Every structure is written in structure tokens, then in C-alpha cells.
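Before any comments, here is the structure.
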Amino acid sequence: MSVTNYATAETIKCVVDGEIVPARSAAADKVAHALSLSVNGRAAGSFDGSEEVSLDIQTATAIVERLSELPEAGETSADIVGLENETCVKQKSGDAYSYASVIVRDTDKIAVGKSAEAPAMNSISVGVQAICSGINGISIGRKSAATITEALAIGSAAMAKQINSIAVGKGALAEGDAAVAVGKVAHATAANSIALGQGATADTANTICLGNDKIAALNCQVDLSVTSDERDKADIEELDKEKALEFIGRVQAVRYVNNRRSYYAEEGKKYDREAHGRGEKKGKRKRVGVLAQQVQKELFRLFSTDNFADIVNDDLYDAPERKGTEENLLTVRYSAFIPFLIASVQALGEKVRILEEKIVDKSAQK
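Residue numbers (this note's numbering): 1353 to 1718.
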């Protein structure tokens, strides 16, 4: 059975399991009795809406706790008490008012805010239309949602939709197991993915995305240290030096200006392929690098795979709202070129050694 207390412009009434009950019913009396303990010493049924009744959040919570302590009386036991926007619960600060709803059950559920919902065990929901439907979850912010076990959503419209997922920031979305999205409209949509910063998108499992494509530099005091322990590797074989040398010789080093597809797919707008093709928003600063597609081509030609050494990564950018309008983003891991460079230098060193031996032999023959 659920009992909800409402204060309307006409009178305070009780709703039991969705139906208005007589003012003198046992269930209604329970709510009235609980309210009377903290509201000007009067029973709830005595208020007719002509007076303003002000309660702070602490008082409202105390009322609910007191009600939960009342002895059960069969069908009249109240396991839910809601003090919603329409009720006498107000918190006044200067000329501003905030309204709250508090829902507490025997399984430690708390909801604060108009239409806030906390139906799951040990769930906490704070904010207008906030919902926390996952066990041990927390949802804070207008229309925020933590919809599964151990999920955390903080921020307006933030959503944490998978186990142990965390979404912090306006419109942040974490919908992969243990995914973390921090920042306005940051999206972490795959298992164990992390997106940090406004508009950051991590939609491949076990990846981290720092910032959006407008980030110009990543500054830190020291280099990254990459794990490379021999004990954590298997099927170890030496890289073919001649193929590595040929690969490095074939990869094109280019100069370019940025003309990112995201420039032509602003938030809420469709990707403009034609404008992108014309380069209407291209940058001015010259940069140097390689072309991911050309690197893939040479890797496949020489090593029969386009994912050798994980130099080129695909599917790192595939935001759901852009499927069908943009191709996936290819990224190049420049540090993965180092083994090829090492093998190339070794190959060249061997060629130099052979040439030197020939020179020595010719000199000796004279």
C-alpha cells in the first residue's frame, strides 16, 4: 500500500494506492498525525489552503521518518509518503522558493524535487523529474537519471544507464558498463570507456577520450610511460627489418590544415557534407603528419593487415546521433611508428656495414 499526502488550493487530501480516501480514514489519519507533529501543531486535515505552510527540507524529512515509525495497522500501513510541489513543503530563501518531494520507504529510498522518483532500494534522487531506478544509485539534477545498479548521474539531464557507470555534467551520458563521462554532453558509450571534457566521446571499449576535437594541445610536465613488460607479451617475433624499411619509405609525410567534419556538424544540426567538401570552415595553421588511410593501405600491402601494431584505430568516433551522416574517425598512434623506425635504422645499419666491408675488400685488393 502507498499513501501520498497532497495539499491543493482547496484542501489537503490523502491518496491511497491512487484513490482519494475519506479524510477520517485510518490511512489519512496516519499522514495527518505525522504532519501535525511538525506543522504548527495542527493536523493536516485542518488546513484548507487559506494559509501558507512553510517547511524546510529537514522538517519534511523528519515528518516522513516519524511516519515510517508509526505502528502498522494492517491495510492502513503507509510505506510511501510524498510531499510534492503541490504540497505544503516549501523552502524559502529571500524572494526565491524551491519545492521538494520526499519519498522514503523501509528500504532507504529518498527523492527530493517535483516529480522526483526513487523506486529502487537505497536509491537517492534529487531534482525536478530526477529518477533513480537502480539499486544503490544516485541521481542529482533536473531530469537526471541513474537507471541501473550502482549508477551515478549528476547534472541536468545527466544519464548513467549501465552498472557502475558515472555521468557528471549537463547532458553527460554513460551507457557502458563502468563507463565514465565527465563534462557537458560528454559521452562514454562502451564498456570501461572514459570521456573527460565538454563534448568528449569515447564509444569503443577500454578507451579514454580527453576533450573534444577543438583541443589544440595536451600539456604535461613529463612523457607518458607505456607498459612494455616482456612477461606480459606472448608470440614474440622480430619485426622484418626490410619490410619495416620499405613501409617507412612509403608512408607519406604531409603538410595540411584542419578541415574537421565536426566543424560542419554543430550541435543540433545535420552534417553538411557539401560545405565540408568545399572547405568553408577549414583552418589556416599549417600542420604536419601522415594520412591514416594511406598508412592502412601500406600496412596491408606489406604485412597483410591494416591493423598491424595498432597504428591506425577505427571506430573511436561513432556518436549515435551521427550514424549514417558521417564516417567513423580514423586515428593514428604516432608512437607506434617507433618500432618500425628502429627496425629501419637497423636495416640501414646492416646495409652500411655491408658497403663498408666491400670498400675495405676493394682497398685490400689494391
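Backbone N, C-alpha and C fix where the C-beta goes; we use that ideal spot for every residue, glycine too. These figures come from a predicted structure and were not determined experimentally.
> Does DSSP put S1517 in a helix, a strand or coil?
Replying inline: Three-state result, S1517: coil.
> What number of angstroms, rounded off, separates the C-alpha of C1572 from the C-alpha of Y1623?
Replying inline: Going from the Cα of C1572 to the Cα of Y1623 covers about 34 Å.
> Roughly how far, in whole angstroms, is the beta-carbon of E1650 from the beta-carbon of F1599, given that I think they are within contact range, below 8 Å?
Replying inline: The Cβ separation is near 6 Å, so the contact holds.
> Does the beta-carbon of Y1449 have 16 or more other beta-carbons within 10 angstroms, so that it is buried, or is it exposed?
Replying inline: Unreliable positioning characterises Y1449 in this predicted model, as indicated by a pLDDT of 34, which lies under 50. A coordinate reading is not provided.
> Helix, strand or coil for G1701 per DSSP?
Replying inline: In the structure shown, G1701 sits in a helix (DSSP, three-state: H, G or I).
>> Q1604 and L1643 - do their beta-carbons sit closer together than 8 Å?
In response: Yes, the pair counts as a contact, with Cβ atoms nearer than the cut-off.
> For A1542, which residues of its own chain have a beta-carbon under 6 Å away from its beta-carbon, when the five flanking residues on both sides are left out?
Replying inline: Excluding residues within five positions, the ones whose Cβ falls inside 6 Å are G1528, D1555, T1556 and A1557.
> Nearest to F1692 by alpha carbon, out of D1592, Q1717 and A1510?
Replying inline: Out of D1592, Q1717 and A1510, D1592 has the C-alpha closest to the C-alpha of F1692.
> Whole-angstrom Cβ separation of S1475 and G1489, contact assumed at under 8 Å?
Replying inline: About 5 Å separates the two Cβ atoms, so the contact holds.
> Leaving out the 5 sequence neighbours to the left and right, which residues in its chain are closer than 7 Å to E1589 when beta-carbon positions are compared?
Replying inline: For E1589, where only same-chain residues beyond five positions count, there are no Cβ hits under 7 Å.
> At what residues does the beta strand (DSSP E) containing G1641 begin and finish?
Replying inline: Judged by DSSP secondary structure, G1641 falls within the beta strand (DSSP E) whose first and last residues are R1639 to G1641.
> Based on the DSSP output, what are the partners of A1526 in its beta bridges?
Replying inline: Under DSSP, A1526 takes part in a beta bridge, and its partners are A1512 and A1540.
> Roughly how far, in whole angstroms, is the beta-carbon of L1562 from the beta-carbon of H1539, given that I think they are within contact range, below 8 Å?
Replying inline: Not confirmed; about 14 Å, so no contact.
> What is the C-beta distance between M1719 and A1531, in whole angstroms, given that I count them as a contact (C-beta under 8 Å)?
Replying inline: Nothing can be reported for residue 1719, as the shown portion of the chain is limited to 1353 through 1718.
>> If you follow the beta strand (DSSP E) that I1663 is in, where does it begin and where does it stop?
In response: That residue, I1663, is in no beta strand (DSSP E); it is neither H nor E in DSSP.
>> Here's the rule I'm using: 16 or more other beta-carbon atoms within 10 Å means buried, otherwise exposed. How should E1469 be labelled?
In response: Buried, because 16 or more other Cβ atoms sit within 10 Å of the Cβ of E1469.
> So, helix, strand or coil for Y1686, using DSSP?
Replying inline: In the structure shown, the three-state DSSP call for Y1686 is helix.
> In the DSSP assignment, what are the bridge partners of C1561?
Replying inline: DSSP, once it has assigned bridges, lists A1547 as partnering C1561.
> So, helix, strand or coil for I1567, using DSSP?
Replying inline: In this structure, I1567 counts as coil in the three-state DSSP scheme.
>> Check for me: the alpha helix (DSSP H) holding I1487 runs from which residue to which?
In response: Counting along the chain, no alpha helix (DSSP H) covers I1487, and no H or E run does either.
> How is the beta strand (DSSP E) around A1463 delimited, first residue to last?
Replying inline: Residues I1462 to V1464.
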